[in-house]
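Counted the way our numbering counts, the sequence shown spans residues 5 to 429. We put the beta carbon where it would ideally sit given N, CA and C, even for glycine.
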Amino acid sequence: MQNKIITLIIAILFAQLALSQNNSPYTRYGLGSLNSTHYGPSRAMGGVSLAYSSGRNLNYSNPASLSCIDSLSFIFEFEVESGFRQLAMLNPNLKSTYTDTKLSYLAFGFPITKWWGSSLGIMPFSTVGYNIKAEDDLFDVSKTYFYEGSGGINQVYWNNGFELFSNFRLGLSFSYLFGMQNRSNSVKFNDDSGAYVNVLEENIIYINDFNISAGAQYDIRLNDKSNLSLAAKFVYPKKINSSRNILVTNSLSLGGSAVIDTIFYADSEKGKISMPYGIGGGFLYAINEKFRFGADYMTQDWSKALFFEQSDSLGNSNSVNLGFEYTPVGIDGLTTNYVSKISYRFGMYFDQTYINFATIGEQINDFGISFGLGLPMKRSKTSFNVWIELGQKGTTKSNLVRERYLNLGLNFSLSDIWFVKRKFD
5 MQNKIITLII AILFAQLALS QNNSPYTRYG LGSLNSTHYG PSRAMGGVSL
55 AYSSGRNLNY SNPASLSCID SLSFIFEFEV ESGFRQLAML NPNLKSTYTD
105 TKLSYLAFGF PITKWWGSSL GIMPFSTVGY NIKAEDDLFD VSKTYFYEGS
155 GGINQVYWNN GFELFSNFRL GLSFSYLFGM QNRSNSVKFN DDSGAYVNVL
205 EENIIYINDF NISAGAQYDI RLNDKSNLSL AAKFVYPKKI NSSRNILVTN
255 SLSLGGSAVI DTIFYADSEK GKISMPYGIG GGFLYAINEK FRFGADYMTQ
305 DWSKALFFEQ SDSLGNSNSV NLGFEYTPVG IDGLTTNYVS KISYRFGMYF
355 DQTYINFATI GEQINDFGIS FGLGLPMKRS KTSFNVWIEL GQKGTTKSNL
405 VRERYLNLGL NFSLSDIWFV KRKFD
């Protein structure tokens with residue numbers, strides 16, 4: 005029965021993954037909006053995850069943590085999130101509101117040996133979703149510009165964590181990136197005389213390639229009550245194999261009927277997309293397994309990234325995450341008071357994204373706070389994790405767009421004993 009329930013959940017969530025979308029003008033740049041790699045508990049802690057390890061939850065951010073999975077356990081996790089986003093700009097004075105719901109990830113975790121834990125999963129890597137319309141009448145010629153984009157990149161991954169010796173863990177993450185992004189730019193003249201030529205450019209990019217990253221964790225026992233975990237992560241640079249179809253057409257509006265002419269067409273043009281190296285580090289300080297406080301820092305050099313040998317409005321990305329967790333009776337504490345078993349989490353984050361408009365001196369920042377609860381089920385290691393993010397991305401300066409958002413997530417982690425032979429009398 006349990007296997008049938010899991011199968012049904014997987015089918016529903018894969019359908020949800022196909023429907024996930026984003027509505028943000030900033031997804032026009034680079035690979036779009038890069039997906040968060042933070043899972044349930046860490047999402048409520050402001051994204052603190054590099055030094056986080058648990059026998060009950062999976063941690064994609066640092067595969068080294070997987071060696072902490074209980075040697076008899078099988079873990080199944082998924083997370084669904086909904087977002088409410090308000091976009092605003094000053095010139096012209098406009099506001100609009102969007103909502104979306106998506107699958108954050110779906111994953112399985114299991115031990116291979118006492119010192120080797122593994123996880124398989126699927127999650128979005130990036131999302132593109134924008135529809136921009138701009139009008140001008142320069143030189144007394146009325147025209148409208150349209151910019152549209154949709155699609156995204158998903159990744160299937162296989163993460164492995166190894167406890168090489170006491171208190172030291174090393175992890176490797178292998179992922180396969182696949183997906184399609186559709187972008188179009190056009191200019192249409194508001195004139196039916198045929199004196200002006202309308203232009204449409206459509207660009208469809210296909211991505212299929214592998215990627216790899218590595219992580220490490222080291223635990224230091226400070227005294228009988230406290231422990232300090234240190235962590236590091238490295239994302240290997242890679243030029244991702246890609247292909248694209250390009251179609252450029254001209255059209256004339258003559259008395260309401262358009263005359264179309266194909267100017268350029270390229271089918272399955274091969275190319276590369278740069279994935280830069282990234283490095284990061286973090287710590288997590290724990291007292292009696294009741295209180296945890298941690299911080300992460302991560303940076304990636306996108307300033308030299310090329311997309312089919314062309315640069316984009318990108319710069320170095322830098323992120324800082326701070327957060328804490330408090331469980332009154334401790335993670336494995338015994339009590340009949342359910343409220344004391346709940347984990348209370350809070351955090352904050354600042355992300356200098358990879359979108360950089362160097363010509364106007366503006367790099368897009370994303371910052372906010374998060375909080376949530378870890379709700380354990382009685383007599384099992386299964387838990388529900390709920391979290392809320394409140395934040396802002398972008399600015400109204402320099403005629404840019406400010407996004408204010410509220411994200412709500414539900415994380416489900418099913419942990420069960422699968423590797424013990426049943427005995428019957």
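Checklist line | Enclosing beta strand (DSSP E) for Y33 [first to last residue] | finding: Careful: Y33 lies outside any beta strand (DSSP E) and carries neither H nor E.
Next item on the list: For the beta strand (DSSP E) containing Y222, list its first residue and its last residue.
Entry: 202 to 225
Check: Are G319 and Y358 close, meaning C-beta to C-beta below 8 Å?
Finding: The Cβ-Cβ distance between G319 and Y358 falls below 8 Å.
Note to self: Let's see if you can read the secondary structure: which residues bound the alpha helix (DSSP H) around G345?
What the structure shows: Looking at the sequence itself, residue 345 is Lys, so the reference to Gly does not match. From DSSP, the alpha helix (DSSP H) with K345 extends over 342 to 345.
Next item on the list: Less than 8 Å between the CB atoms is what I'm expecting for M93 and N403, so what's the real figure, rounded?
Entry: 7 Å
Check: Considering only C-alpha positions, which residue in the set G59, S179, L91 is nearest to F80?
Finding: G59
Notebook entry, point to check: Nearest-angstrom Cα distance between G198 and S257?
Noted result: 5 Å
Notebook entry, point to check: Ordered along the chain, which non-local residues of its own chain (more than five positions away) have a Cβ less than 6 Å from that of R225?
Noted result: N231
Notebook entry, point to check: Does the beta-carbon of D370 have 16 or more other beta-carbons within 10 angstroms, so that it is buried, or is it exposed?
Noted result: buried
Check: Using 8 Å as the threshold, is the stretch 72 to 90 in touch with the stretch 344 to 354, meaning 3 or more CB pairs across them?
Finding: no
Note to self: Can you tell me where the beta strand (DSSP E) holding P128 begins and where it ends?
What the structure shows: 120 to 140
Next item on the list: Check whether the Cβ of E81 lies closer than 8 Å to any Cβ atom in chain B.
Entry: Of the protein chains in the structure, only one exists, and it is not chain B.
Next item on the list: Look at E206 and S188 and say whether their C-beta atoms are less than 8 Å apart.
Entry: Yes, they are a contact pair.
Notebook entry, point to check: Which residues in the same chain have their Cβ closer than 6 Å to the Cβ of I126, if we skip the five residues on either side of it in sequence?
Noted result: Within the same chain, I126 has close Cβ partners L110, V160.
Next item on the list: Could you pull the start and end residues of the beta strand (DSSP E) that R187 belongs to?
Entry: R187 -> beta strand (DSSP E) spans 172 to 193.
Checklist line | Residue span of the alpha helix (DSSP H) that contains A48, given as start and end | finding: Where A48 is concerned, the enclosing alpha helix (DSSP H) stretches over 44 to 48.
Next item on the list: Quick one: grab the DSSP three-state call for N403.
Entry: helix
Checklist line | Identity of the residues DSSP links to E393 by a beta bridge | finding: DSSP lists S374, N411 as the bridge partner or partners of E393.
Item checked: CB of G286 within 8 Å of CB of V52, strictly -> yes
Margin query: Using a Cβ-Cβ cutoff of less than 7 Å, which residues in the same chain neighbour I368 once the five nearest sequence positions on both sides are dropped?
Written below: Y30, T357, I359, K397, G398
Margin query: Going by beta-carbon coordinates alone, are S417 and N61 separated by less than 8 Å?
Written below: Taking 8 Å as the cut-off, the Cβ atoms of S417 and N61 count as close.
Margin query: Within 10 Å of its beta-carbon, does L91 have 16 or more other beta-carbons around it, so buried, or fewer, so exposed?
Written below: It counts as buried.
Note to self: Taking 6 Å as the limit between beta carbons, can you name the residues of its chain near S146, skipping five residues before and five after?
What the structure shows: So the list reads N194, once near-sequence residues are dropped.
Notebook entry, point to check: Short check: CB of G183 to CB of N27, under 8 Å?
Noted result: Not in contact: G183 and N27 (Cβ atoms no closer than 8 Å).
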